[in-house]
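K.L.:
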Amino acid sequence: PPANLLERQILLDVIGLNKKTYQVETQVIQLNIFEKSEYATNEVRFKINNLNVEDMFNEERIPYLLDIFRQYLWVGSKHNLYVTFLASASDLGQRLPLDPNDTEGVVVNLGSSSNFSTILYDLEKEISPLQKMNKCPKDFKRTSVERYFRANGFNLDWCSFKLVELTTIFNQNQTINVQDKISSTKYAEENVWELVESLQYSQSMHTDTTKFNITLLVFIILVVGLILSIGIFGWYKKKVIFFKNI
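According to UniProt numbering, the stretch in the sequence shown is residues 1 to 246, in order.
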């Protein structure tokens, strides 16, 4: 948060327009920025396939997501679990869906100062085979904890699920030195572009496959053309010999 206490108070002007009566109303909301008592040292990173960013701000959506971890997967984080990162998958480099009605997907990071639970480590091992796939099955539902997310309307991309131990170290006053800031910046950049790198790899594999298919098609056309040419030449030669013998 800002060092100046006055800068920690933000006045937000909200303007509402009634489209039927064209009546305008305003309201001033004061936002107070507080420094966290405990910073996250561990993060769970994943992507939600069936939601957009704006959907995450619907009433109770984020609390429902946090409760899945607080109550079932990461019980030790019950008192200090919070959202550390949230962004649209398309903003991180994923292609927009061809159908405008399809969701873009949301990348979410949840952080806590608590150690990862045994359940999370077991889940990481369970989905480890998926990490080798270039493209994750869209409807992969065979994880042991899938029911908790489905029951609350979350369809997770299990290929993107990761447990990350944060290396940023805070001192007793909860401030960081220059070196820590550099590390934090690098971490943020890695976090933002992590999805892009995997997508670029997937896209490059797709490009290579396309080139191979085109080359194979051209080769087949040339072979078929050569066979037809030989056949036509043989037929023509026999026809010439036939007329000479008449």
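Virtual Cβ for every residue (Gly too), placed ideally from N, Cα, C.
Remember, it's a predicted structure, so these values are computed and weren't measured experimentally.
Specify, as a first and last residue, the run of the alpha helix (DSSP H) that K162 falls within.
P.N.:
That residue, K162, is in no alpha helix (DSSP H); its beta strand (DSSP E) goes L156 to E165.
K.L.:
For the pair the stretch 43-56 and the stretch 24-34, tell me if three or more CB-CB distances fall below 8 Å.
P.N.:
The answer is no - the stretch 24-34 does not touch the stretch 43-56, with fewer than three Cβ pairs under 8 Å.
K.L.:
Exposed or buried, which one is L17 when buried takes at least 16 other CB atoms within 10 Å?
P.N.:
L17 should be labelled exposed.
K.L.:
Using the DSSP secondary-structure output, state which residues sit across from Q94 in a beta bridge.
P.N.:
Per DSSP, none; premise fails for Q94.
K.L.:
Taking C-alpha atoms, which residue in M133, E43, K238 and A87 lies nearest to F69?
P.N.:
Measuring from the Cα of F69, the nearest candidate turns out to be E43.
K.L.:
Going by the beta-carbon positions, is the gap between V75 and L92 smaller than 8 Å?
P.N.:
No.
K.L.:
Since F85 sits in a beta bridge, which residues does DSSP pair it with?
P.N.:
Per DSSP, N109.
K.L.:
Would you decide whether F233 is buried or exposed? Buried here means 16 or more other CB atoms lie within 10 Å of its CB.
P.N.:
By the neighbour-count rule (16 or more Cβ atoms within 10 Å), F233 is not buried but exposed.
K.L.:
For L66 and L81, which I take to be in contact (beta-carbon distance under 8 Å), what is that distance rounded to the nearest angstrom?
P.N.:
Between L81 and L66 the Cβ distance is about 6 Å, and since that is below 8 Å, they are a contact.
K.L.:
By the DSSP assignment, the alpha helix (DSSP H) with K47 in it spans what residues?
P.N.:
No alpha helix (DSSP H) holds K47; the beta strand (DSSP E) holding it covers N42 to I48.
K.L.:
Could you confirm whether any beta carbon from chain C is found closer than 8 Å to the beta carbon of I48?
P.N.:
Reference to chain C is not applicable here, since this structure consists of a single protein chain.
K.L.:
In terms of alpha-carbon separation, which member of Q94, V164, T118 and F154 lies closest to N109?
P.N.:
That would be V164, whose Cα lies nearest to the Cα of N109.
K.L.:
Going by C-alpha to C-alpha distance, which of R150, Y148, S144 and C136 sits closest to residue 293?
P.N.:
Only positions 1 to 246 of the chain appear in the structure, and residue 293 is not among them; the question remains open.
K.L.:
Which same chain residues, not among the five before or five after S90, have their C-beta less than 8 Å away from its C-beta?
P.N.:
Cβ within range, chain order: L96, E104 and G105.
K.L.:
Identify whether C136 lies in helix, strand or coil by the three-state DSSP scheme.
P.N.:
In the structure shown, C136 sits in coil (DSSP, three-state: anything other than H, G, I, E or B).
K.L.:
For D102 and T210, I'd like the C-alpha separation in whole angstroms.
P.N.:
One C-alpha to the other measures close to 25 Å.
K.L.:
Quick one: using the 10 Å Cβ neighbour count with 16 as the cut-off for buried, is F212 buried or exposed?
P.N.:
With fewer than 16 Cβ atoms within 10 Å of its Cβ, F212 is classed as exposed.
K.L.:
Taking the alpha carbon of N32 as the point to measure from, which residue in N155, Y22, A3 and Q9 has its own alpha carbon closest?
P.N.:
If we check each option's Cα against that of N32, Q9 comes out closest.
K.L.:
Under the rule that 16 or more other beta-carbon atoms within 10 Å means buried, what is I220, buried or exposed?
P.N.:
Classification for I220: exposed.
K.L.:
Alpha carbon to alpha carbon, how far is S114 from E38? Give it in angstroms, no decimals.
P.N.:
Distance between the alpha carbons of E38 and S114 is about 10 Å.
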